[in-house]
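Structure first, then comments.
Residue numbers (the numbering used here), protein chains in the order written: chain A, 6 to 219; chain B, 6 to 219.
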């Protein structure tokens, strides 16, 4: 499923592309000003001067609209779910590192990923938007696929999955952005083996949780 | 020791500040164009039209010149060594996480750190310069203080310390730049307890090293 997908139905009138572009423009403005969580389909539709049903018709879910507005070549939660499944019986951490690095380094996604990274680091507004998107779409998908929500409280799951994010985004930063030689020069398989146990411990291991989670 | 230190000797003539500014300007240009490793005091002096001895007189080491040119409020290896020593007998990983977060979040350094982070992520030239500086000055200092060089080959030490960097910079990214709630909302002590064992394992634990290190 690609985020650039045009409406599935055929027989569009020539006015459709103007409408869909107006929706994307309104979405970009609204996501930037209100964050990913705060921007609603209803408000985006109002800003574009169309009915909310038309936004759903053109783009489907809020995530798919976000992906289209940000010109992502895939819908992140779908690409991530596809990369992560089937889950292995053992070695969840290694699997996650391997899948994420493979996804990030695919030709289709590499530039997009770097672009999002750059905007998050340089613009406070983009940081808020991407933080909310990462928390809801990316980390939520990992928690769901890995079955974390069944194991601990919501606060514990958020803490665990955010620790995973700290390691995975740091790996992306040192490998793809900074290019630290020892990390950039290692193979995906080597990094999966070295870093996998860290991710596994954060996901399901015996880590010291903040006392306020009790 | 501050990187902004003026020459220690008194009785400077009024022409000195023009000379020191010309040296800093030459240093900025040269570090950007040749990277941290490739820029030499000799070449910087030539570009500023002064004798290399004068550069040493004004700024001391290459690292101190870099710190002054980048307007860092401290000399990184010195601040880091001060933060890390004395090393504890146990809990090296926790100690490193605690020290690094405390240093990054000090009023003196927070904005500087974020500024360097932003430039590394947005400019390829800055990324090369900062990668080399991080590898030589920051990671080299950690390896030295932690006594890593005595324990394994240079390749192994570089790999271990770069894994530490991937976790620590990812922690900085998610806490200080993105502000992921579960990481930004945790105390330094909580993060030291949760992330410390990761850093400890990377530094001295039984990790799977790439086969080419054998």
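Using N, Cα and C, we set each Cβ at its ideal position, and we do this for glycine too.
**Item:** Where residue 41/A meets chain B, residues with beta-carbon distance less than 9 angstroms
**Value:** Within chain B, no residue comes near residue 41/A; the closest Cβ sits about 12 angstroms away, beyond 9 angstroms.
Residue 188/A touches chain B at which residues, Cβ-Cβ below 9 angstroms? 164, 167, 168, 170, 171
Taking C-alpha atoms, which residue in 80/A, 62/A, 76/A, 59/A lies nearest to residue 69/A? 80/A
| Rounded to the nearest angstrom, how far is the Cβ of residue 200/B from that of residue 95/B, given a contact under 8 angstroms? | Between residue 95/B and residue 200/B the Cβ distance is about 16 angstroms, and since that is not below 8 angstroms, they are no contact.
Boundaries of the alpha helix (DSSP H) in which residue 179/B is found, first to last residue: Looking at the DSSP string, residue 179/B is not in any alpha helix (DSSP H), and its letter there is neither H nor E.
* Which chain A residues are close to residue 57/B, counting only those with a beta carbon under 7 angstroms from its beta carbon? -> Chain A residues near residue 57/B: none, gap ~29 angstroms exceeds 7 angstroms.
Between residue 78/A and residue 26/A, is the Cβ-Cβ spacing less than 8 angstroms? no
| query | For the putative contact between residue 60/A and residue 50/A, defined by C-beta atoms under 8 angstroms, what is the C-beta separation to the nearest angstrom? | reply | 5 angstroms
Test: residue 138/B CB closer than 8 angstroms to a CB of chain A: no
- Item | Of the residues 218/A, 87/A, 46/A, 64/A, the one placed nearest residue 146/A, counting alpha carbons only | 87/A
#### Entry: Proximity winner among 155/B, 126/B, 39/B, relative to residue 178/B (alpha-carbon distances)
126/B
Q.
Which same chain residues end up closer than 6 angstroms to residue 85/B when comparing Cβ atoms and leaving out the 5 residues on each side of it in sequence?
A. 146
Against residue 132/A, what residues of chain B qualify as contacts under a CB-to-CB distance less than 8 angstroms, listed in chain order?
182, 183, 184
Measure from the C-beta of residue 107/B to each C-beta in chain A and report whether the shortest distance is under 8 angstroms.
-> no
* Going straight from the alpha carbon of residue 210/A to that of residue 161/A, what length do you get? -> 12 angstroms
request  = Please compile the residues from chain A whose C-beta is within a distance smaller than 7 angstroms of the C-beta of residue 212/B.
outcome  = 199
* Evaluate contact between the segment 179-193 of chain B and the segment 132-139 of chain A, counting only Cβ atoms and requiring at least three cross-stretch pairs below 8 angstroms. => yes
For residue 154/B, which residues in chain A fall below 8 angstroms Cβ to Cβ?
Chain A residues near residue 154/B: none, gap ~14 angstroms exceeds 8 angstroms.
Checklist entry - residue 193/B to residue 185/A, Cα distance in whole Å? => result 26 angstroms
What do you get for residue 130/B, buried or exposed, if any count of 16 or more other CB atoms within 10 angstroms of its CB means buried?
-> exposed
- Item | Burial state of residue 263/B, where buried means 16 or more other Cβ atoms lie within 10 Å | Residue 263/B lies beyond the residue range present for chain B, which begins at 6 and ends at 219; the question has no answer from this structure.
Original post:
From residue 92/B to residue 175/B, what does the alpha carbon distance come to, in whole angstroms?
Top reply: 23 angstroms
Note to self: Please classify residue 205/B as buried or exposed, where buried requires at least 16 neighbouring CB atoms within 10 angstroms.
What the structure shows: buried
Checklist line | Euclidean distance between Cα positions of residue 116/B and residue 123/B | finding: 10 angstroms
- Message: Checking 8 angstroms against the spacing of the C-beta atoms, do residue 4/A and residue 64/A come in under that value?
- Response: Missing from the structure shown is residue 4/A; chain A here goes from 6 to 219 and no further.
- Task: Give the single residue among 28/A, 38/A, 42/A, 98/A whose Cα lies nearest to the Cα of residue 56/A.
- Result: 28/A
| query | In or out: residue 158/A buried (at least 16 other Cβ within 10 Å) or exposed? | reply | exposed
**Asked** For residue 82/B, which of helix, strand or coil comes out of DSSP?
**Response** helix
Assign residue 16/A to one of two classes, buried (16 or more other C-beta atoms within 10 Å of its C-beta) or exposed (fewer than that).
Note that residue 16/A has pLDDT 40, beneath the 50 cutoff, so the model's placement of it is unreliable and the number below is only indicative. Label assigned to residue 16/A: exposed.
(message) Which residue wins for smallest C-alpha separation from residue 24/B, given the options 191/B, 171/B, 62/B?
(response) 62/B
Does the CB of residue 126/B have a neighbour CB from chain A at under 8 angstroms? yes
Exercise for the section: With distances taken Cα to Cα, identify the nearest neighbour of residue 217/A among 31/B, 190/B, 71/B. Expected result: 190/B
Against residue 175/A, what residues of chain B qualify as contacts under a CB-to-CB distance less than 9 angstroms, listed in chain order? 170, 171, 172, 173, 174, 175, 176, 177, 178, 179
- [ ] Drop a sphere of 10 angstroms on the beta-carbon of residue 140/B, count the other beta-carbons inside from all chains shown, and report buried for 16 or more, exposed for fewer.
- [x] buried
Could you have a look at residue 158/B and say whether DSSP puts it in helix, strand or coil? coil
(request) Check the Cβ-Cβ distances between residue 203/A and every residue of chain B, and say whether any is below 8 angstroms. (result) yes
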